[in-house]
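As structure tokens, the structure follows; a few thoughts come after it.
2 protein chains.
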Amino acid sequence: MNKLTILIVEDDKYISNFIAISLEKDGYKVLTASSAAEGLFMFSSHNPDVILLDLGLPDKDGIDVIKELRTFSEVPILVVSARGQEKEKIEALDLGGDDYVTKPFYMGELMARIRVVERNMAKSLMQHEESIFFSKSLTVDFDKRRVLIDDREVHLTPIEYKLLLLLIANKGKVLTHNYIFKQVWGYESIDTKNVRVYMANLRRKIEKNTANPQFILTEVGVGYRFADE
Amino acid sequence: MNKLTILIVEDDKYISNFIAISLEKDGYKVLTASSAAEGLFMFSSHNPDVILLDLGLPDKDGIDVIKELRTFSEVPILVVSARGQEKEKIEALDLGGDDYVTKPFYMGELMARIRVVERNMAKSLMQHEESIFFSKSLTVDFDKRRVLIDDREVHLTPIEYKLLLLLIANKGKVLTHNYIFKQVWGYESIDTKNVRVYMANLRRKIEKNTANPQFILTEVGVGYRFADE
DNA sequence: TCATTGTCTTATCATATTATCACATTTGAT
DNA sequence: ATCAAATGTGATAATATGATAAGACAATGA
Chain A
-7 MNKLTILIVE DDKYISNFIA ISLEKDGYKV LTASSAAEGL FMFSSHNPDV
43 ILLDLGLPDK DGIDVIKELR TFSEVPILVV SARGQEKEKI EALDLGGDDY
93 VTKPFYMGEL MARIRVVERN MAKSLMQHEE SIFFSKSLTV DFDKRRVLID
143 DREVHLTPIE YKLLLLLIAN KGKVLTHNYI FKQVWGYESI DTKNVRVYMA
193 NLRRKIEKNT ANPQFILTEV GVGYRFADE
Chain B
-7 MNKLTILIVE DDKYISNFIA ISLEKDGYKV LTASSAAEGL FMFSSHNPDV
43 ILLDLGLPDK DGIDVIKELR TFSEVPILVV SARGQEKEKI EALDLGGDDY
93 VTKPFYMGEL MARIRVVERN MAKSLMQHEE SIFFSKSLTV DFDKRRVLID
143 DREVHLTPIE YKLLLLLIAN KGKVLTHNYI FKQVWGYESI DTKNVRVYMA
193 NLRRKIEKNT ANPQFILTEV GVGYRFADE
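Sequence order for the protein chains is A and B.
The opening residue of the first sequence carries number -7 in our numbering; numbering runs sequentially from there.
The opening residue of the second sequence carries number -7 in our numbering; numbering runs sequentially from there.
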């Protein structure tokens, strides 16, 4: 079972805590930041899957945070704000926000909206709505975030899981080391050696024979690809 | 620019009209239905891109309409309802609704939310573009970075692949040794005999008979060109 | 807190790719 | 037909790239 990471950017500790506890109870991994600067930093260092963003931050307007994030990332942004004016909502959504919830809000509704965002992420990754992927002995259940080999569950670390998802979503396509690094780690780097290391780890977990892989194929000098039929 | 078609399923003629006019002013094509039955019928006959769905319909509960639609379609459903209870919202969203707007609503906000849905659609559509080159027995899938001869995959090294791409991009044109070297190796050199070596390697991989090539033609004293039809 | 798990780094070994060379073959001008 | 220049090709050496194990360190969870 792999958890989705959610970053809460909210300066009101009480609200932040309340949301965090509810999300954790539901199995999410939660990060919190209480200012725009901290939020952006946490984003680049932890590469969360979803952001809950308050607009009324102490150091910078939340709208600008959306703008900034959107210059380099497509992470789903769910705005949670006390500002209920139409103008604000339109602006936040048009600049790249994925949803807008006005305070006070129902926690259950917020969670449902997070699930919608999550569903959309899975959809655009998989392009089919089928939430289970099969290929030979490999089964990946995207909903439950579980991976099976010959019906035996194999545990993948978060990075390994992201890597596998990325490969499957681009089945058949060669992905360059840089691209893989950018997608999985969330930032660019000249040093992509880690991609190799994690590919090796992933292969050890899902391949019968790592010397002759059926799933993860190496394209020397270019990158990797998931085997097409 | 193609107009998006939006189906409004709403029994209150006044609201329905109001939304329709606003949407049309914004360039959308609008269909309206005032009952669940009509809505489902309109959906199957017109295949709209987005549905705005009221939950309080005269003949059937809107929640059931969502359920029904989701058995055969992934069309984005934006619920527009007077029912503001959390339970309703969660149910509608979890059953497959993409957003939930409570009446009374701001038209501008509704439109912004439609744009969000639209953006998400565009994102998942984008991935389907494929660029493939065919010539006789040769197939090059640029997207996947794969080369096939008679449906059998041939493995090319990075230099070989670059070379092939360069030739194809300039199909029919004669490319000088110097130009080819510059493009593939990235710098100029007096010594371009490697071009010869790699042409030979490439031919060995993609030509049936290297002595009588169909693809890579030699222009003695000048360079090479990829055969035009 | 301590044990466990995950991440990143480094070192080593294995493999694939690239560069170079020597020589064979082809080409085109005479 | 002959010959010099241009081109093709196979072998091999040099280099670049990849796989993997092991260990340091950080984060997480009971």
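Beta carbons: idealized from backbone N, C-alpha and C, even for Gly.
Limits of the beta strand (DSSP E) - the one that residue i falls within
{"i": "F211/A", "result": "Correcting the residue identity first, residue 211/A is Glu in this sequence and not Phe. Segment I208 to E211, the beta strand (DSSP E) holding E211/A."}
{"i": "G215/A", "result": "G215 to F218"}
{"i": "K185/B", "result": "Where K185/B is concerned, there is no enclosing beta strand (DSSP E), although the alpha helix (DSSP H) it sits in stretches over K185 to I198."}
{"i": "D142/A", "result": "No beta strand (DSSP E) contains D142/A, which DSSP labels as neither H nor E."}
{"i": "L23/B", "result": "K21 to A25"}
{"i": "L44/A", "result": "V42 to L45"}
{"i": "T63/A", "result": "Run containing T63/A: none in the beta strand (DSSP E); it sits in the alpha helix (DSSP H), G54 to F64."}
{"i": "L87/A", "result": "Segment: none, L87/A is in no beta strand (DSSP E) and carries neither H nor E."}
{"i": "S230/A", "result": "What the structure shows of chain A is the stretch from -7 to 221, and residue 230/A is not part of that stretch, so it cannot be assessed."}
{"i": "T(-3)/A", "result": "T(-3) to V1"}
{"i": "T131/B", "result": "L130 to D133"}
{"i": "L70/A", "result": "I69 to S73"}
Test item: CB-CB of residue i and residue j under 8 Å
{"i": "I151/B", "j": "Y190/B", "result": "yes"}
{"i": "I141/A", "j": "L157/A", "result": "no"}
{"i": "P68/B", "j": "V22/B", "result": "no"}
{"i": "L47/A", "j": "R75/A", "result": "yes"}
{"i": "I55/A", "j": "A28/A", "result": "no"}
{"i": "T149/B", "j": "H169/B", "result": "no"}
{"i": "N34/B", "j": "L61/B", "result": "The residue asked about is misnamed: residue 34/B is Met in this sequence, not Asn. Against a cut-off of 8 Å, the Cβ pair of L61/B and M34/B comes out as no contact."}
{"i": "D3/A", "j": "S36/A", "result": "no"}
{"i": "V132/B", "j": "I160/B", "result": "yes"}
{"i": "S14/A", "j": "T24/A", "result": "no"}
{"i": "F134/B", "j": "S116/B", "result": "no"}
{"i": "K154/A", "j": "Q206/A", "result": "no"}
Contact list for residue i against chain A, beta-carbon separation under 9 Å
{"i": "P150/B", "result": "E211, V212, G213 and V214"}
Within chain B, partners of residue i - CB distance below 9 Å
{"i": "D90/A", "result": "V108, R111 and N112"}
Partners in chain A for residue i, counting only beta-carbon separations shorter than 7 Å
{"i": "K136/B", "result": "G164, K165 and V166"}
Supposed close pair residue i, residue j - CB separation, criterion 8 Å
{"i": "I208/B", "j": "R195/B", "result": "5 Å"}
{"i": "V166/B", "j": "E211/B", "result": "5 Å"}
{"i": "K52/B", "j": "V72/B", "result": "Between V72/B and K52/B the Cβ distance is about 16 Å, and since that is not below 8 Å, they are no contact."}
{"i": "D91/B", "j": "R105/B", "result": "5 Å"}
{"i": "G215/B", "j": "Y171/B", "result": "7 Å"}
{"i": "F218/A", "j": "K163/A", "result": "5 Å"}
{"i": "L44/A", "j": "V1/A", "result": "7 Å"}
{"i": "L(-4)/A", "j": "D41/A", "result": "5 Å"}
{"i": "E145/B", "j": "R137/B", "result": "Wrong, their Cβ atoms sit about 11 Å apart, outside the cutoff."}
{"i": "G89/B", "j": "I58/B", "result": "6 Å"}
Delimiting residues of the alpha helix (DSSP H) encompassing residue i
{"i": "Y179/B", "result": "Run containing Y179/B: none; DSSP gives neither H nor E here."}
{"i": "S8/B", "result": "K5 to K17"}
{"i": "L155/B", "result": "P150 to A161"}
{"i": "L32/B", "result": "A28 to H38"}
Just by C-beta distance, which residues in the segment 95 to 115 of chain B are closer than 7 Å to chain A?
Y98, G100, E101, A104, R105, R107, V108, N112 and K115
Using a Cβ cut-off of 7 Å, which residues of the segment 70 to 86 of chain A contact any Cβ in chain B, in chain order?
E78, K81, I82, L85 and D86
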